[in-house]
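Participant: Residue numbers (my numbering): 6 to 135. Cβ atoms here follow ideal geometry from the backbone N, Cα and C, with glycine treated the same way. I have a structure I would like to understand better, so I am pasting it below and will then ask my questions one at a time.
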Ligand SMILES: [Mg+2]
């Protein structure tokens with residue numbers, strides 16, 4: 006018997022970022038689902054709880070930090086691990102991400118070798134900051 010795959014929800018409004026993260030994580034043997042905005046992410050979480058969310062902060066409409074606060078304020082979803090995707094140029098985003106309840110953050114552009122390592126670390130329980 007094999008253990009069920011961990012489910013990861015990738016939220017990003019940039020199609021290239023979304024595809025890159027999707028491909029890298031699928032190659033690392035995760036079940037990957039994707040959403041292009043916070044509203045879509047919420048309905049996906051309602052349908053099927055992910056184990057981890059890769060959360061872009063800058064999203065059209067509701068931003069990723071607001072969605073993170075809602076997820077972490079909800080008994081049903083607060084256990085979900087969340088890694089924020091922050092833009093390198095946006096100073097202070099990393100601290101804002103942790104303050105909003107994110108379990109860690111990754112600075113874009115995504116490093117395709119580091120991403121699976123960082124995701125595995127967070128799923129393993131220990132926090133980190135890149
Ligand atoms: Mg974005």
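Can you tell me which of the three DSSP states residue 109 falls into?
Facilitator: Reading the chain shown from its first residue, position 104 is the one you call residue 109. Strand, per DSSP.
Participant: What span of residues does the beta strand (DSSP E) with residue 40 cover, start to end?
Facilitator: Along the chain shown, read from residue 1 onward, the residue named residue 40 stands at position 35. Residue 40 -> beta strand (DSSP E) spans 36–40.
Participant: Measuring only the C-alpha atoms, how far is residue 13 from residue 57?
Facilitator: To locate residue 13, count along the chain shown from 1; it is residue 8. To locate residue 57, count along the chain shown from 1; it is residue 52. Those two C-alpha atoms are separated by around 5 Å.
Participant: For residue 81, report the span of its beta strand (DSSP E) as first-last.
Facilitator: Translated into positions along the chain shown, residue 81 becomes position 76. Residue 81 -> no beta strand (DSSP E), and no H or E assigned at all.
Participant: Do residue 83 and residue 105 have their beta-carbon atoms positioned less than 9 Å apart in this structure?
Facilitator: What you label residue 105 is simply residue 100 of the chain shown in a count that begins at 1. What you label residue 83 is simply residue 78 of the chain shown in a count that begins at 1. Result no, Cβ atoms of residue 105 and residue 83 do not sit closer than 9 Å.
Participant: Would the beta-carbon of residue 22 be found less than 8 Å away from any heavy atom of ligand 1?
Facilitator: Within the chain shown, numbered from 1, the residue matching residue 22 stands at position 17. Flag set: Cβ of residue 22 near ligand 1.
Participant: In three-state DSSP terms, what is residue 49?
Facilitator: Taking the chain shown and counting its residues from 1, the one referred to as residue 49 is at position 44. Reduced to three states, the DSSP call for residue 49 is helix.
Participant: Return the CA-CA distance between residue 101 and residue 60, expressed in angstroms with no decimal places.
Facilitator: Here residue 101 corresponds to residue number 96 of the chain shown, with the count starting at 1. Here residue 60 corresponds to residue number 55 of the chain shown, with the count starting at 1. Cα to Cα, residue 101 sits roughly 13 Å from residue 60.
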